[in-house]
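With the UniProt record's numbering, letter number 17 in the sequence shown gets 19, and the count goes up by one each step, no holes.
Here the structure is laid out as structure tokens; the discussion comes afterwards.
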Amino acid sequence: EPIVTFEQVSYQYADGTLALDQINLSIEQGKKIALIGNNGAGKSTLFQLLNGILKPTSGSISFRGKKLTYKRKEVQELRQQVGIVFQNPETQLFSSSVYDDIKFGPKNLKLTPEEIERRVMEVMELTETVTFKDKPPHFLSIGQKKRVAIAGIVAMAPALMVLDEPTAGLDPYYSKKIMDLLEDIHHENRTILLSTHNIDLAYGWADEVMIMNNGHLLAKGTPIEVFKKR
Ligand code: ADP
Ligand code: ADP
């Protein structure tokens with residue numbers, strides 16, 4: 003069973019912009035998916051629909067086979083199941099230390115203090131953020147900030163991790179670090195969806211590629227299927 007299914011999903015902003023036009027898609031458990039599209043293609047809109055920040059203006063979205071009704075409690079639960087790492091990590095790091103930032107997400111899940119601590123320690127090792135755990139996040143480099151933002155989401159153990167251009171603005175060294183990290187995370191059988199402009203990256207990393215343009219999903223398949231046709 004897919005984690006998420008979109009049926010004829012459209013999204014129109016208040017000013018009339020049709021950002022998504024009748025999208026059908028499903029996201030399977032355990033896959034690594036790359037979403038490719040120009041600026042304005044609708045990628046961020048799609049991401050915001052995935053965790054309930056936005057609600058379709060028509061069509062429907064199902065999570066684990068259950069159609070979303072957008073009741074408050076359901077949206078809260080959805081946000082714990084779908085973790086988003088925004089393109090600019092500044093927008094999601096606001097605690098006075100890296101440690102507190104990473105702890106913020108799991109603290110809101112009903113876990114014992116021991117389990118919270120265990121998870122925070124584990125993800126700090128995985129993301130190599132331990133060495134600067136007491137620093138205020140705003141002192142960090144962009145690559146370090148991205149790792150902290152990713153750590154915070156991984157610590158919540160969401161069913162689906164969504165990353166908006168995780169390597170944008172990073173030099174090749176940090177880009178590789180981030181992709182290696184996503185590879186390590188994936189070994190724990192998580193589903194990861196990322197957006198990128200980098201076709202080589204998508205080709206090398208993804209199990210599945212989706213191509214969007216102007217609110218439409220143009221293609222979805224394995225990298226070989228998708229890029230052979232083009
Ligand atoms: P992408 O992430 O692929 O760059 P977006 O989802 O941000 O694309 O945008 C899709 C379309 O919706 C674009 O035409 C964009 O200008 C428009 N859009 C995005 N946010 C808003 C908004 N708040 N109000 C009106 N139009 C918007
Ligand atoms: P201490 O030096 O006793 O650790 P500080 O208040 O000086 O306490 O710093 C708290 C944390 O913030 C430290 O872990 C340090 O790594 C980080 N920090 C403080 N100032 C800077 C700075 N200018 N650049 C980078 N990190 C800093």
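Here a beta-carbon is modelled for each residue, glycine too, at the ideal position from N, C-alpha and C.
Excluding sequence positions up to five away, which residues of its chain have a Cβ less than 6 Å from the Cβ of residue i?
| i | result |
| --- | --- |
| Leu-70 | Ile-63 |
Can the beta-carbon of residue i be found closer than 7 Å to that of residue j?
| i | j | result |
| --- | --- | --- |
| Ile-180 | Val-156 | no |
| Leu-95 | Asp-102 | no |
| Leu-52 | Val-87 | no |
| Pro-139 | Val-100 | yes |
| Pro-91 | Lys-147 | yes |
| Ser-12 | Gly-61 | yes |
| Ile-3 | Gly-54 | In the sequence on display, residue 3 carries Glu and not Ile. No, Cβ-Cβ distance for Glu-3 and Gly-54 is not below 7 Å. |
When burial is assigned at 16 or more other CB atoms within 10 Å of the CB, is residue i buried or exposed?
| i | result |
| --- | --- |
| Ser-28 | exposed |
| Glu-79 | exposed |
| Ser-98 | exposed |
| Tyr-15 | exposed |
| Asn-191 | exposed |
| Leu-22 | buried |
| Thr-7 | buried |
Once the 5 residues before and after residue i are set aside, which same chain residues still bring their CB inside 8 Å of it?
| i | result |
| --- | --- |
| residue 1 | The chain is shown from 3 up to 232; residue 1 falls before or after that span and cannot be answered. |
| Ile-35 | Ile-29, Thr-193, Ile-194, Leu-195, Leu-196, Ala-208, Asp-209, Glu-210, Val-211 and Met-212 |
Compute the minimum distance between the beta carbon of residue i and the heavy atoms of ligand 1, and state whether it is under 6 Å.
| i | result |
| --- | --- |
| Tyr-101 | no |
| Ala-21 | yes |
| residue 2 | Only positions 3 to 232 of the chain appear in this structure, which leaves residue 2 out of reach. |
| Tyr-15 | yes |
| Lys-222 | no |
| Ala-208 | no |
| Lys-57 | no |
Practice task
Would you check if there are 3 or more beta carbon pairs closer than 8 Å linking the region 165 to 184 to the region 210 to 219?
Solution key: no
Handout entry: Segment contact, 8 Å Cβ cut-off, at least three pairs: the region 162 to 173 with the region 196 to 213
Key = Taking 8 Å as the limit for Cβ pairs, the verdict is that the region 196 to 213 does touch the region 162 to 173.
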